[in-house]
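Trainee: Numbering (the working numbering), first residue to last: -17 to 541. Here it is, the structure, as structure tokens.
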Ligand code: HEM
């Protein structure tokens, strides 16, 4: 009893202290120092240092030098970066009223000023309720079979092709987003909506110069067309009065909510923007990590095969099935942590705020650094290691925020996890894939992505099962890679840069040959492949009695 009294007293005291610590001193000019750190060059600040390298390097060196709160100047804004879980909670949750979301003006104009992200008041609260309603487990469980058929179509279109994983995943996540927003009716409009959205997105990061010929101008035109299409869909829906819809559009259209067509269009474009590249980028990382961790892939495959077993092969996945995937779910969590595709988010101080003994002036940006929190060894031992089993134990409070936290946290997180699980079910049970080309780099566009969007080649498992050794040759712009499989295990990867003018001339050998599972004859075959780059691959195959596939799809004119 005494303990409870003490706990209540302590909580009240802590709440009062927090309130006093931040709110009571907020609003008046405070005579405190700015956080430590440097503002870099005039105008450009430290933007170049941040974006020209792995952001981990920038953030880690700053934290090491200045501690968990420091100032900097990026993208034309004075910023305070914070990297402790407690501080992130304060900014995003407990004192969120002092820190409003903020985006570049060009993004606001393209998505639409009335979209959910840009608001902080009653209007935000209302939109959030409507969005959450459409993405609760109760709502999305009804579309599992439709998501499954989108996933099957997508994967089938990749069979035996060299694909850019990120680009293909974007198509998949776009189609799922449309399904959840507009229901099955979207199929009729899908291609037109896609065409316009793809033009629009090209301008997201452009200079906001609205003159004929500029990227921004083309994007704004596409946006207008998109809003027009959405208005037509809305008027079509209104004529179907009695029909029952369970999608986001239906949620927005409820009469008592009184949203205008313009508000609905801004929010539909906004949700597509929030849903597509994020989920596609996470899927791309998952395929990379699974390819690099055969033991994890094996466990995921076994889990997924168990869901299929005993059922007829035409069985459709149910919501219940997706709840029997703990191993695959941990792979998703660990990927969200390691890849931390949203390294940080932006807020702006709405008034002067005292924060951990420093002044954050009104108008300065405040960036909670998700990536640092996810990569701190205080929160996750051996943080650079990809180890899904760490999620068998729940992470400490406020240390795992891939979907943000507080009033702006991601309302689409259940849908994102669902579509990833469904896609992985079909990928791991029926296919194997090999990554093509060197894969050490990361690109930021603006989400963290494996280099070149992760080129892979995907094969049906049923093909080549009976072959002892299968040598696969992928021919993509400027380099050739050879992957050799023995019983589904990729054991050898070699990448050779080719002359852009003559694909038969090897100009640089970049192979990093790994012999994780040396088996009979493989060295010999690989060496023969290397020696015989100028020979016809079919001859090599014949000579060594292996199956060699030649793929010319990735080649471009300048090869
Ligand atoms: C794995 C994929 C995804 C990740 C990692 C992700 C991450 C996030 C994060 C971190 C935020 C909060 C940003 C902030 O506080 O500033 C957010 C917000 C948001 N997300 Fe997601 N998201 C994903 C998928 C989706 C999907 C599939 C949808 C919709 C179907 C969606 C819709 C939204 C919306 C509408 C917001 C704004 C919420 C608000 O301002 O109240 N997201 N997301």
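Don't be surprised by glycine CBs; every beta carbon is placed ideally from N, CA and C.
Is the separation between the beta-carbon of residue 409 and that of residue 147 shorter than 8 Å?
Mentor: no
Trainee: Helix, strand or coil, according to DSSP, for residue 227 in the structure here?
Mentor: Coil at residue 227, not helix or strand.
Trainee: Just to confirm, does residue 312 get its C-beta within under 7 Å of one of the non-hydrogen atoms of ligand 1?
Mentor: no
Trainee: Between residue 355 and ligand 1, is there a pair consisting of the residue's CB and a ligand heavy atom that are separated by less than 7 Å?
Mentor: no
Trainee: For residue 29, does the three-state DSSP call read helix, strand or coil?
Mentor: helix
Trainee: Among 319, 13, 394 and 308, which residue has its Cα nearest to the Cα of residue 119?
Mentor: Nearest C-alpha to residue 119 among 319, 13, 394 and 308: 394.
Trainee: If we define contact as Cβ-Cβ less than 8 Å, is residue 26 a contact residue for chain C?
Mentor: Looking at the structure shown, chain C is missing, and only one protein chain is on hand.
Trainee: Would residue 405 and residue 156 be called neighbours here (beta carbons separated by less than 8 Å)?
Mentor: Their beta carbons are not under 8 Å apart, which means residue 405 does not touch residue 156 by this criterion.
Trainee: Is any non-hydrogen atom of ligand 1 found closer than 7 Å to the C-beta of residue 261, if you look at the structure I gave you?
Mentor: yes
Trainee: So, helix, strand or coil for residue 306, using DSSP?
Mentor: coil
Trainee: Under 8 Å Cβ to Cβ from residue 14, same chain only, skipping five residues before and after it: list those, please.
Mentor: 336, 339, 340 and 341
Trainee: Starting from residue 399 and walking both ways along the alpha helix (DSSP H), at which residues does that stretch end?
Mentor: 395 to 412
Trainee: Should residue 250 and residue 163 be called a contact, given that it needs their Cβ atoms to be closer than 8 Å?
Mentor: Going by C-beta atoms, residue 250 is nearer than 8 Å to residue 163.
Trainee: Under the rule that 16 or more other beta-carbon atoms within 10 Å means buried, what is residue 210, buried or exposed?
Mentor: exposed
Trainee: Suppose you measure from the CA of residue 388 to the CA of residue 78; what does that come to, to the nearest Å?
Mentor: Their backbone Cα atoms lie some 8 Å apart in a straight line.
Trainee: Where does residue 456 fall in DSSP's three states?
Mentor: Low local confidence applies: a pLDDT of 37 at residue 456 is under 50, so the model's placement there is unreliable, with the coordinate-based value given in what follows. DSSP places residue 456 in strand when its eight states are reduced to three.
Trainee: Considering only residues of the same chain and omitting the five flanking positions on each side of residue 207, which have a CB-CB separation below 6 Å?
Mentor: So the list reads 178, once near-sequence residues are dropped.
Trainee: Does the distance between the C-beta of residue 395 and the nearest non-hydrogen atom of ligand 1 fall short of 7 Å?
Mentor: yes
Trainee: Hey, is residue 162 close to ligand 1, as in C-beta under 7 Å from one of its heavy atoms?
Mentor: yes
Trainee: Would you identify the three-state DSSP class for residue 359, choosing helix, strand or coil?
Mentor: coil
Trainee: Tell me whether residue 278 is buried or exposed, calling it buried when 16 or more other Cβ atoms sit within 10 Å of its Cβ.
Mentor: Classification for residue 278: buried.
Trainee: Enumerated in chain order, which unbroken segments of the beta strand (DSSP E) with a length of 3 residues or greater are wholly contained in the stretch 204 to 268?
Mentor: none
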